[in-house]
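Using the UniProt record's numbering, you'd call the opening residue of the sequence shown number 1 and step up by one each time. Working notes, beginning with the structure itself.
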Amino acid sequence: MKLQRSYLADFVSLLFPELCAACRESLVANEYLICTDCHYNLPYTNFHLQSDNIVARQFWGKINTTAAFALFYFTKGGKIQNLMHQFKYNGMQQIGNLLGSIAAGQLAKTEVFNTVDFIIPVPLHTKRLKQRGYNQSACFAYGLAPKLNAVVEENNLIRAKATLTQTHKSRFARFENMQDVFEIKNPEKLKNKHILLVDDVITTGSTLEACGQQLLKIEGLKLSIATIAYAE
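Set out below in C-alpha coordinates:
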(Lines of atoms letter the chains of each structure in order from A; the text may use other names.)
(Lines give C-alpha, C1' and ligand atoms only; values in the text may rest on other atoms or scores of the structure.)
Protein backbone atom coordinates (compact mmCIF):
# COMPACT_ATOMS: atom_id res chain seq x y z
CA MET A 1 0.00 0.00 0.00
CA LYS A 2 2.82 2.42 0.89
CA LEU A 3 4.54 1.56 -2.39
CA GLN A 4 1.35 2.30 -4.33
CA ARG A 5 0.99 5.67 -2.59
CA SER A 6 4.62 6.45 -3.45
CA TYR A 7 4.05 5.66 -7.13
CA LEU A 8 0.89 7.79 -7.14
CA ALA A 9 2.71 10.72 -5.55
CA ASP A 10 5.51 10.42 -8.13
CA PHE A 11 2.97 10.35 -10.97
CA VAL A 12 1.14 13.43 -9.65
CA SER A 13 4.44 15.29 -9.25
CA LEU A 14 5.25 14.60 -12.90
CA LEU A 15 1.95 16.14 -13.99
CA PHE A 16 1.90 18.96 -11.44
CA PRO A 17 5.46 19.53 -10.22
CA GLU A 18 5.97 21.64 -7.12
CA LEU A 19 8.21 24.57 -7.89
CA CYS A 20 10.80 26.35 -5.79
CA ALA A 21 9.28 29.65 -4.68
CA ALA A 22 12.57 31.43 -5.39
CA CYS A 23 13.93 30.05 -8.68
CA ARG A 24 10.76 28.35 -10.00
CA GLU A 25 12.61 25.11 -10.76
CA SER A 26 10.99 21.79 -9.83
CA LEU A 27 11.46 20.62 -6.27
CA VAL A 28 12.72 17.09 -5.71
CA ALA A 29 12.00 14.63 -2.90
CA ASN A 30 12.45 16.06 0.63
CA GLU A 31 12.64 19.66 -0.60
CA TYR A 32 10.03 22.04 0.82
CA LEU A 33 9.08 25.39 -0.72
CA ILE A 34 12.69 26.32 -1.50
CA CYS A 35 15.14 24.07 -3.35
CA THR A 36 18.42 23.04 -1.75
CA ASP A 37 20.50 25.21 -4.09
CA CYS A 38 18.48 28.34 -3.26
CA HIS A 39 18.42 27.49 0.44
CA TYR A 40 22.21 27.71 0.55
CA ASN A 41 22.83 30.35 -2.12
CA LEU A 42 20.16 33.02 -1.63
CA PRO A 43 21.61 36.50 -0.90
CA TYR A 44 21.90 36.26 2.90
CA THR A 45 23.07 39.46 4.57
CA ASN A 46 24.64 37.99 7.74
CA PHE A 47 23.58 41.21 9.47
CA HIS A 48 23.27 39.27 12.75
CA LEU A 49 27.08 39.39 12.83
CA GLN A 50 27.23 43.20 12.36
CA SER A 51 25.76 45.44 15.04
CA ASP A 52 26.25 48.52 12.81
CA ASN A 53 24.78 46.97 9.66
CA ILE A 54 22.88 48.96 7.01
CA VAL A 55 19.46 48.33 8.57
CA ALA A 56 20.63 49.46 12.00
CA ARG A 57 22.15 52.63 10.52
CA GLN A 58 18.84 53.56 8.88
CA PHE A 59 17.37 54.25 12.32
CA TRP A 60 20.30 56.13 13.84
CA GLY A 61 19.10 59.53 15.05
CA LYS A 62 15.45 58.61 14.39
CA ILE A 63 14.45 55.93 16.90
CA ASN A 64 16.46 54.17 19.56
CA THR A 65 16.93 50.53 18.54
CA THR A 66 18.80 47.85 20.45
CA ALA A 67 19.51 45.79 17.32
CA ALA A 68 18.31 45.54 13.71
CA PHE A 69 18.47 42.78 11.12
CA ALA A 70 17.34 41.67 7.66
CA LEU A 71 17.72 38.11 6.44
CA PHE A 72 18.24 38.76 2.70
CA TYR A 73 19.21 41.45 0.23
CA PHE A 74 16.32 42.30 -2.09
CA THR A 75 16.97 43.24 -5.72
CA LYS A 76 14.42 43.78 -8.50
CA GLY A 77 14.06 40.72 -10.70
CA GLY A 78 15.99 38.57 -8.24
CA LYS A 79 15.07 35.37 -6.46
CA ILE A 80 13.99 37.17 -3.30
CA GLN A 81 11.50 39.22 -5.31
CA ASN A 82 10.11 35.95 -6.69
CA LEU A 83 9.93 34.53 -3.20
CA MET A 84 8.19 37.57 -1.76
CA HIS A 85 5.69 37.66 -4.63
CA GLN A 86 4.68 34.05 -3.96
CA PHE A 87 4.46 34.84 -0.25
CA LYS A 88 2.44 38.07 -0.41
CA TYR A 89 0.26 37.68 -3.48
CA ASN A 90 -0.13 33.96 -4.22
CA GLY A 91 -1.35 32.88 -0.80
CA MET A 92 1.80 30.97 0.19
CA GLN A 93 1.85 32.15 3.79
CA GLN A 94 3.85 29.06 4.80
CA ILE A 95 6.86 30.77 3.18
CA GLY A 96 6.79 33.34 5.98
CA ASN A 97 6.92 30.62 8.63
CA LEU A 98 9.87 28.97 6.89
CA LEU A 99 11.80 32.23 6.50
CA GLY A 100 11.08 33.09 10.12
CA SER A 101 12.57 29.79 11.21
CA ILE A 102 15.66 30.35 9.04
CA ALA A 103 16.10 33.88 10.40
CA ALA A 104 15.65 32.69 13.98
CA GLY A 105 18.39 30.12 13.45
CA GLN A 106 20.78 33.01 12.86
CA LEU A 107 19.39 35.36 15.51
CA ALA A 108 19.40 32.69 18.22
CA LYS A 109 23.19 32.66 17.96
CA THR A 110 23.36 36.28 19.16
CA GLU A 111 23.02 37.38 22.76
CA VAL A 112 20.87 40.44 22.09
CA PHE A 113 18.09 38.68 20.19
CA ASN A 114 17.88 35.96 22.83
CA THR A 115 16.47 38.51 25.29
CA VAL A 116 13.36 39.26 23.19
CA ASP A 117 10.09 38.94 25.16
CA PHE A 118 7.48 39.72 22.50
CA ILE A 119 7.52 39.70 18.70
CA ILE A 120 5.18 42.28 17.18
CA PRO A 121 4.41 42.18 13.44
CA VAL A 122 3.76 45.44 11.60
CA PRO A 123 -0.04 45.36 11.34
CA LEU A 124 -2.19 45.60 8.25
CA HIS A 125 -5.32 47.73 8.23
CA THR A 126 -8.44 45.58 8.67
CA LYS A 127 -9.52 46.30 5.08
CA ARG A 128 -6.19 45.13 3.64
CA LEU A 129 -6.14 42.12 5.95
CA LYS A 130 -9.58 41.09 4.73
CA GLN A 131 -8.46 41.40 1.11
CA ARG A 132 -5.26 39.38 1.54
CA GLY A 133 -6.51 36.95 4.17
CA TYR A 134 -3.35 37.07 6.29
CA ASN A 135 -0.66 39.44 7.52
CA GLN A 136 2.65 38.42 5.93
CA SER A 137 4.61 39.99 8.79
CA ALA A 138 2.68 37.87 11.29
CA CYS A 139 3.59 34.71 9.35
CA PHE A 140 7.25 35.69 9.66
CA ALA A 141 6.77 36.42 13.37
CA TYR A 142 5.29 33.00 14.10
CA GLY A 143 8.22 31.37 12.32
CA LEU A 144 10.68 33.34 14.49
CA ALA A 145 9.03 32.79 17.86
CA PRO A 146 9.83 29.15 18.79
CA LYS A 147 13.63 29.37 18.38
CA LEU A 148 13.78 32.73 20.16
CA ASN A 149 11.52 31.53 23.01
CA ALA A 150 9.40 34.63 22.46
CA VAL A 151 5.66 35.24 22.27
CA VAL A 152 3.95 36.76 19.22
CA GLU A 153 1.84 39.76 20.28
CA GLU A 154 -0.24 40.24 17.15
CA ASN A 155 -3.16 42.48 18.14
CA ASN A 156 -1.63 45.05 20.48
CA LEU A 157 -0.07 47.36 17.90
CA ILE A 158 -2.82 48.24 15.43
CA ARG A 159 -3.06 50.23 12.21
CA ALA A 160 -5.82 52.71 13.00
CA LYS A 161 -5.81 54.41 9.59
CA ALA A 162 -5.62 52.99 6.08
CA THR A 163 -2.81 54.49 4.01
CA LEU A 164 -1.98 54.76 0.34
CA THR A 165 0.69 52.46 -1.05
CA GLN A 166 4.26 53.47 -0.28
CA THR A 167 5.50 52.39 -3.70
CA HIS A 168 7.16 55.19 -5.74
CA LYS A 169 6.97 57.67 -2.83
CA SER A 170 10.04 59.60 -1.70
CA ARG A 171 11.42 58.99 1.77
CA PHE A 172 9.83 62.16 3.12
CA ALA A 173 6.48 61.33 1.48
CA ARG A 174 6.62 57.83 2.98
CA PHE A 175 7.28 59.29 6.41
CA GLU A 176 4.42 61.78 6.06
CA ASN A 177 2.13 58.99 4.86
CA MET A 178 2.75 57.01 8.07
CA GLN A 179 2.16 59.74 10.65
CA ASP A 180 -0.48 58.97 13.30
CA VAL A 181 -1.27 55.65 11.62
CA PHE A 182 -0.45 53.25 14.47
CA GLU A 183 -1.85 52.88 17.98
CA ILE A 184 -1.13 50.61 20.95
CA LYS A 185 -4.12 49.04 22.68
CA ASN A 186 -2.45 47.68 25.83
CA PRO A 187 0.83 49.49 26.58
CA GLU A 188 0.98 48.14 30.15
CA LYS A 189 1.68 44.64 28.83
CA LEU A 190 4.80 45.90 27.06
CA LYS A 191 6.37 47.90 29.90
CA ASN A 192 10.03 47.02 30.54
CA LYS A 193 9.96 44.38 27.77
CA HIS A 194 12.30 43.75 24.85
CA ILE A 195 10.17 43.95 21.69
CA LEU A 196 11.16 42.58 18.30
CA LEU A 197 9.23 44.52 15.64
CA VAL A 198 9.07 42.60 12.35
CA ASP A 199 8.12 43.38 8.75
CA ASP A 200 8.60 41.78 5.33
CA VAL A 201 10.81 44.20 3.36
CA ILE A 202 12.55 47.36 4.54
CA THR A 203 13.29 50.14 2.06
CA THR A 204 13.33 53.59 3.69
CA GLY A 205 12.21 52.21 7.05
CA SER A 206 9.42 54.78 7.43
CA THR A 207 6.76 52.23 8.42
CA LEU A 208 8.99 50.62 11.03
CA GLU A 209 10.03 54.06 12.27
CA ALA A 210 6.39 55.10 12.74
CA CYS A 211 5.64 51.88 14.65
CA GLY A 212 8.79 52.29 16.71
CA GLN A 213 7.89 55.83 17.71
CA GLN A 214 4.67 54.58 19.26
CA LEU A 215 6.27 51.61 20.98
CA LEU A 216 9.10 53.66 22.46
CA LYS A 217 6.60 55.85 24.32
CA ILE A 218 6.14 52.88 26.65
CA GLU A 219 8.14 52.96 29.87
CA GLY A 220 11.28 50.82 29.87
CA LEU A 221 10.65 49.29 26.45
CA LYS A 222 13.64 48.10 24.39
CA LEU A 223 13.11 47.87 20.64
CA SER A 224 14.79 45.65 18.07
CA ILE A 225 13.85 45.17 14.42
CA ALA A 226 13.93 42.22 12.02
CA THR A 227 12.77 41.95 8.42
CA ILE A 228 12.86 39.29 5.76
CA ALA A 229 14.68 41.47 3.25
CA TYR A 230 16.49 44.76 2.83
CA ALA A 231 15.94 46.54 -0.50
CA GLU A 232 19.23 48.01 -1.65
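Note that the Cβ used here is the ideal one computed from N, Cα and C, for glycine as well.
Of the listed residues the options, nearest to residue i (C-alpha basis)
{"i": "Cys38", "options": "Met92, Ala160, Cys20, Ala138", "result": "Cys20"}
{"i": "Ile218", "options": "Ala229, Glu183, Asp199", "result": "Glu183"}
{"i": "Leu98", "options": "Phe140, Leu107, Tyr134, Gln131", "result": "Phe140"}
{"i": "His194", "options": "Leu49, Val151, Asp200, Val181", "result": "Val151"}
{"i": "Phe87", "options": "Phe72, Gln136, Glu188, Thr66", "result": "Gln136"}
{"i": "Glu111", "options": "Asn149, Lys76, Ile95, Gly133", "result": "Asn149"}
{"i": "Glu188", "options": "Ala226, Gln58, Leu221", "result": "Leu221"}
{"i": "Phe47", "options": "Tyr73, Glu31, Thr36, Lys62", "result": "Tyr73"}
{"i": "Asp52", "options": "Leu144, Ser224, Leu157", "result": "Ser224"}
{"i": "Ala68", "options": "Arg57, Lys62, Gly78, Asn114", "result": "Arg57"}
{"i": "Ser206", "options": "Leu33, Thr45, Ile63", "result": "Ile63"}
{"i": "residue 236", "options": "Thr204, Glu232, Thr227", "result": "For the chain, the structure presents residues 1 to 232; residue 236 sits outside this window and is missing."}
{"i": "Leu107", "options": "Val201, Leu208, Leu196", "result": "Leu196"}
{"i": "Ile228", "options": "Ile202, Thr66, Val181", "result": "Ile202"}
{"i": "Leu157", "options": "Leu190, Lys127, Lys130", "result": "Leu190"}
{"i": "Leu144", "options": "Ala70, His85, Ser101, Tyr44", "result": "Ser101"}
{"i": "Gly78", "options": "Gly91, Leu42, Ile54, Gln94", "result": "Leu42"}
{"i": "Lys147", "options": "Gln213, Asp117, Asp200", "result": "Asp117"}
{"i": "Lys161", "options": "Tyr40, Ala210, His85, Asn186", "result": "Ala210"}
{"i": "Asn192", "options": "Thr115, Gly96, Glu25, Ile95", "result": "Thr115"}
{"i": "Val198", "options": "Gly61, Tyr142, Leu27", "result": "Tyr142"}
{"i": "Ala226", "options": "Pro121, Ser26, Ala22, Asn155", "result": "Pro121"}
{"i": "Ala138", "options": "Gly96, Arg132, Phe113", "result": "Gly96"}
{"i": "Asn82", "options": "Ile54, Lys109, Ile34, Ala70", "result": "Ile34"}
{"i": "Thr45", "options": "Leu71, Met84, Glu18, Leu208", "result": "Leu71"}
Boundaries (first-last residue) of the alpha helix (DSSP H) holding residue i
{"i": "Phe24", "result": "The sequence given here has Arg at residue 24, not Phe. Premise fails: Arg24 is in no alpha helix (DSSP H) and is neither H nor E."}
{"i": "Phe72", "result": "Unbroken run through Phe72 is the beta strand (DSSP E), 67-74; no alpha helix (DSSP H)."}
{"i": "Ile158", "result": "Run containing Ile158: none in the alpha helix (DSSP H); it sits in the beta strand (DSSP E), 157-159."}
{"i": "Ala56", "result": "54-58"}
{"i": "Ile80", "result": "79-89"}
{"i": "Thr36", "result": "36-41"}
Residue i, buried or exposed, once every other Cβ within 10 Å from all chains shown has been counted against 16
{"i": "Pro123", "result": "buried"}
{"i": "Ala29", "result": "exposed"}
{"i": "Glu153", "result": "buried"}
{"i": "Leu215", "result": "buried"}
{"i": "Thr75", "result": "exposed"}
{"i": "Thr36", "result": "exposed"}
{"i": "Leu49", "result": "exposed"}
{"i": "Tyr230", "result": "buried"}
{"i": "Gly105", "result": "exposed"}
{"i": "Lys130", "result": "exposed"}
{"i": "Lys127", "result": "exposed"}
{"i": "Gly91", "result": "exposed"}
{"i": "Asp180", "result": "exposed"}
{"i": "residue 267", "result": "Because the chain in this structure spans residues 1 to 232, residue 267 falls outside the shown range and cannot be described."}
Residue i - partner residues in DSSP beta bridges
{"i": "Leu19", "result": "Ser26"}
**Study point:** beta strand (DSSP E) runs wholly inside the region 98-148, at least 3 long, in chain order
**Key:** 118-121
Practice item. Note down, one range per segment and in chain order, each alpha helix (DSSP H) of at least 4 residues found wholly within the region 173-230. Key: 206-215
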